[in-house]
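Visitor: The listed protein sequences derive, respectively, from chains A and B.
Residue numbering for the first sequence follows my numbering, starting at 1 and increasing by one per position.
Residue numbering for the second sequence follows my numbering, starting at 1001 and increasing by one per position.
In this text, a Cβ means the ideal position worked out from N, Cα and C, and glycines have one as well.
Take a look at the following structure, please.
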Amino acid sequence: MALLGQYLVGGLATGSLYALVALGIVLLYRSSRVLNFAHGDLATFATFVAFTLLTTFRLPFTMATAGSLAVAAVAGAAFYLLILRPTRDATLLGIIVITLGLALVVNGAVVQIWGTETKVFPFPLSDTKVYHLGGVVISQVSIGSFLAGLVLMGLLYLLVQRTRIGLAMRAVSQNLVAAQALGIPAKKIFALTWGLATALGACAGILLAPVTFLDPFMMVDPFLKGFAAAVLGGIDSMPGAVLGGLVLGVAESLFGGYVSVKFKTTMAFLIIIGVLIVRPEGMLGREYKRRV
Amino acid sequence: MELKERYEEDLFLVRGALAWTALLTLCAGLFLLPYVARNYVLFTLSLVAVNAVIAVGLNLLVGYTGQISLGHAGFVAIGAYTAGLVMAKLPWPEAAAAWGLSWLAALAAAGLVAAIFGFLVGLPALRLTGPYLTIATLGFGIAVHQVLTNWDRLSGGRTGLFLPKLFFGPWRLEERPLYYVTILVAGLLIWVASNLVRSHVGRAFVAIRDSDIAAAVTGVNLTAYKTLAFAVSAAYAGIGGAMLAFILRYLEPQLFTLFESIYYLSMIVIGGLGTVPGSVLGAAVLTVLPQQLAGLKEWLPIVYGAAIMFMMAVEPRGLYGRWVKIRLWFKTWPF
């Protein structure tokens, strides 16, 4: 029983990080129909920026995080304005290929600037300090990242559902032409969405860094899982992204604990394909109907 | 302007004296090359042939049928390992192996097994589109890689799988003979693909890409043709993988990662989506270019990524699309 609880807690902690990554992907897909394959690499880049701010410039953790998020937001918005905006007529495949190209460039740049060796990210919470809750062991980092994930999701919810900017974002995603006709500056909103999504990815990266250590490929697996979680939950649904992330995290942790660690990722994808065969639009996605 | 008077004239793949001259020169050049070029050049050209087969197959699926696949390295891996296992693990009699039966069987088995897997992956594709299909194929590619890495008894795991030497009668298939085999197989498969895309099957593929609902209404059996597209594409990838195994004679799971899937995808995007010559062109460029830039190995991802983005921004129809435009300009000049 304690073992089960342990797996559940571990799964929820990783799942909340998957959910954060998934939220960034969903945010972009909803507004601009772009599947951003560079999401993970932009996040890695931002995490390395935070690392440099922390170690070379010796800034306090909060300021370093803020700086890194700002850099991430600017990078995301710049990518949209400089590359995606001029090529906005491209097909879904074309856009996927463009973001894959960006992923390669950003990843290559990270390797060039910071090198490939693993680094330890100085995080204010400790991985070795643990708490016991009824037989279940939880590390300080897990609690911290889980709570931070919850807070970020809450903030994002408030932003999208309760502010004028969020209203504009939803309007643009529902009907671009109508939104523009009503005077919403779509270009600015898209740039803002890109900045926001990339910053969310950066948060996920910083929260992951103490667990996975810092290397240029640290976000590859979390990004794929986040992407999978987004699809599992329904790629146009933000609650779906959170649910998908948590379900994926727990399922993976249970499978890894009881069956086999080696085939954890394979199982995760098989589950997703299974779910998609039953519900092609994901768990919480809207059933898609198309005009012919 | 060229004027066609009979229906048959419209069916010729190669039209006009100029095109025939170009084609025959190319064939003669490829045939005579081993007598002048160094082995390294032959090796590179064999790799181009392998990648061309894979790219043509992928283009049948992505460019013609409009089904995104981000797991194509999985099919290549299945083909390569099938060929490797057939050659290394089956008890071939001495004479059969000496007369090349083992590698011919391996080639056929690779295509067949990959096609079966392609059919299986095609089944979820019947209900999935866009991002959902992307994640399904991506998951397939990752699953194949992980199974190959962890199922040691099948694949040799991380230590890899060694292939025996290839024989064909008196010849040992290395360098020059192997180069001829890969070029021949590639030429044959490219010819088949060129004919396939202008048959009723190819037209059904294009109809599905442009609008699957409209295609179904006009009588295209979506179930049959979507799974067929996956199966054919996977068979091409499998045969490409088998030839890769023949060239390298050593297989390890790291040869077939997500990066390779992206690499194959960028070949057809740079070459030209929905064109057979474009796939070959893209495969050639993306095979030769990295070898020439070997001194800049760390910069390769950046160069690649930038090239892909540049290509999509400037010429979404790819290199072949640009070539068609240039040709048109000369044909219609001075208008």
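1) Would you mind working out which of A:L100, A:G76, A:A38, A:S173 sits nearest B:S1261, comparing C-alpha positions?
2) Counting only Cβ pairs nearer than 8 Å, list the residues of chain B close to A:P86.
3) Would you be able to state if there are at least three C-beta pairs under 8 Å between the segment 49-64 of chain A and the segment 220-232 of chain A?
4) Answer with buried or exposed for A:A22, where buried requires no fewer than 16 other C-beta atoms within 10 angstroms of its C-beta.
5) Using a Cβ cut-off of 7 Å, which residues of the segment 225-255 of chain A contact any Cβ in chain B, in chain order?
6) Check whether the Cβ atoms of A:G46 and A:G149 lie closer than 8 Å to each other.
7) Determine whether the beta carbon atoms of B:L1058 and A:V97 lie at a separation below 8 Å.
8) Measure how close the beta-carbons of B:A1235 and B:A1114 come, nearest whole angstrom, since I'm counting them as under 8 Å.
9) How long is the line joining the alpha carbons of B:L1289 and B:F1043, rounded to whole angstroms?
10) Give, in chain order, every unbroken run of the beta strand (DSSP E) that is at least 3 residues long and sits entirely within the segment 52-139 of chain A.
11) Closer than 8 Å, Cβ to Cβ, to anything on chain B: give me those residues from the segment 18-45 of chain A, in chain order.
12) Which of the three DSSP states, helix, strand or coil, is assigned to B:W1103?
13) My output table needs one value for A:L254: the three-state DSSP class, helix, strand or coil.
14) Compile a chain-ordered list of the residues in the segment 1042-1065 of chain B whose CB is closer than 7 Å to at least one CB of chain A.
15) Taking only the alpha-carbon atoms, compute the straight-line gap between A:P124 and B:G1071 and give it to the nearest angstrom.
16) Does A:I113 come within less than 8 Å of chain B when only Cβ atoms are used?
17) Can you tell me whether B:F1012 is helix, strand or coil according to DSSP?
18) Nearest chain B C-beta to A:F263 closer than 8 Å, yes or no?
19) Taking 8 Å as the CB-CB cut-off, is B:V1269 touching chain A?
20) How about the segment 244-263 of chain A and the segment 8-18 of chain A: do they share at least three Cβ pairs that are nearer than 8 Å?
21) From A:G274 to A:V261, what distance separates their C-alpha atoms?
22) If the cut is a Cβ gap below 9 Å, which residues of chain A does B:I1078 touch?
23) Between the alpha carbons of B:S1102 and B:M1243, how many angstroms are there, rounded?
24) Would you list the one or two residues that DSSP bridges to B:L1251?
25) Between the C-alpha atoms of B:V1197 and A:Q140, what's the straight-line distance to the nearest angstrom?
26) Kindly confirm or deny that the segment 126-143 of chain A and the segment 1322-1330 of chain B touch, where touching means at least three C-beta pairs closer than 8 Å.
27) Between A:G94 and chain B, is any beta-carbon pair separated by less than 8 Å?
28) If I follow the unbroken alpha helix (DSSP H) through B:Q1292, where does it start and stop?
29) Per DSSP, B:W1171 is paired with what?
30) Quick one: using the 10 Å Cβ neighbour count with 16 as the cut-off for buried, is A:G115 buried or exposed?
Guide: The answer reads as follows:
1) By one-based count along the second sequence, residue 1261 of chain B stands at place 261. The residue with the shortest Cα to Cα distance from B:S1261 is A:L100.
2) Within the first sequence, the letter at position 86 stands for residue 86 of chain A. Within 8 Å Cβ-Cβ: A1313.
3) no
4) Here residue 22 of chain A corresponds to residue number 22 of the first sequence, with the count starting at 1. With 16 or more other Cβ atoms within 10 Å, it is buried.
5) F227, A228, V231, I235
6) Reading the first sequence from its first residue, position 46 is the one you call residue 46 of chain A. Reading the first sequence from its first residue, position 149 is the one you call residue 149 of chain A. Residue identity differs from the one stated: residue 46 of chain A is Ala in this sequence, not Gly. Going by C-beta atoms, A:A46 is not nearer than 8 Å to A:G149.
7) If you number the second sequence from 1, residue 1058 of chain B lands on position 58. If you number the first sequence from 1, residue 97 of chain A lands on position 97. No, the Cβ-Cβ distance between B:L1058 and A:V97 is not below 8 Å.
8) Position 235 of the second sequence, counted from the first residue, corresponds to residue 1235 of chain B. Position 114 of the second sequence, counted from the first residue, corresponds to residue 1114 of chain B. So it is a contact: roughly 6 Å between Cβ atoms.
9) As a working note, residue 1289 of chain B is residue 289 in the second sequence. As a working note, residue 1043 of chain B is residue 43 in the second sequence. Each residue's Cα considered, the two are about 14 Å apart.
10) 130-133, 136-139
11) Y29, L35
12) Along the second sequence, one-based indexing puts residue 1103 of chain B at 103. Correct three-state label for B:W1103: helix.
13) Here residue 254 of chain A is taken as the residue at index 254 of the first sequence, counted from 1. Helix at A:L254.
14) V1062
15) Locating residue 124 of chain A in the first sequence gives position 124, where the first residue counts as 1. Locating residue 1071 of chain B in the second sequence gives position 71, where the first residue counts as 1. Near 39 Å, if we compare the C-alpha coordinates of B:G1071 and A:P124.
16) Here residue 113 of chain A refers to the residue found at position 113 of the first sequence. For A:I113, the answer is no, since every Cβ of chain B falls outside 8 Å of its Cβ.
17) The sequence position of residue 1012 of chain B within the second sequence is 12, counting from 1. Coil.
18) Here residue 263 of chain A is taken as the residue at index 263 of the first sequence, counted from 1. With 8 Å as the cut-off, A:F263 counts as an interface residue toward chain B.
19) Taking the first residue of the second sequence as 1, we reach residue 1269 of chain B at position 269. B:V1269 counts as touching chain A.
20) yes
21) As a first step, residue 274 of chain A is located in the first sequence; it is residue number 274 there, counting from the start. As a first step, residue 261 of chain A is located in the first sequence; it is residue number 261 there, counting from the start. Answer to the nearest angstrom: the Cα atoms are 20 Å apart.
22) Position 78 of the second sequence holds residue 1078 of chain B. Neighbours of B:I1078 on chain A: none; closest Cβ ~14 Å, over 9 Å.
23) Against the second sequence, residue 1102 of chain B aligns to sequence position 102. Against the second sequence, residue 1243 of chain B aligns to sequence position 243. Spanning the two alpha carbons is a distance of roughly 13 Å.
24) Position 251 of the second sequence, counted from the start, is the residue given in the question as residue 1251 of chain B. Paired residues: B:L1161.
25) By one-based count along the second sequence, residue 1197 of chain B stands at place 197. By one-based count along the first sequence, residue 140 of chain A stands at place 140. B:V1197 and A:Q140: Cα-Cα distance of roughly 59 Å.
26) no
27) Taking the first residue of the first sequence as position 1, residue 94 of chain A is located at position 94. Chain B, which has a Cβ nearer than 8 Å to the Cβ of A:G94, makes this yes.
28) Reading the second sequence from its first residue, position 292 is the one you call residue 1292 of chain B. Unbroken alpha helix (DSSP H) run through B:Q1292: 1276-1292.
29) What you label residue 1171 of chain B is simply residue 171 of the second sequence in a count that begins at 1. Its beta-bridge partners are B:F1168.
30) Mapped onto the first sequence, residue 115 of chain A falls at position 115. With fewer than 16 other Cβ atoms within 10 Å, it is exposed.
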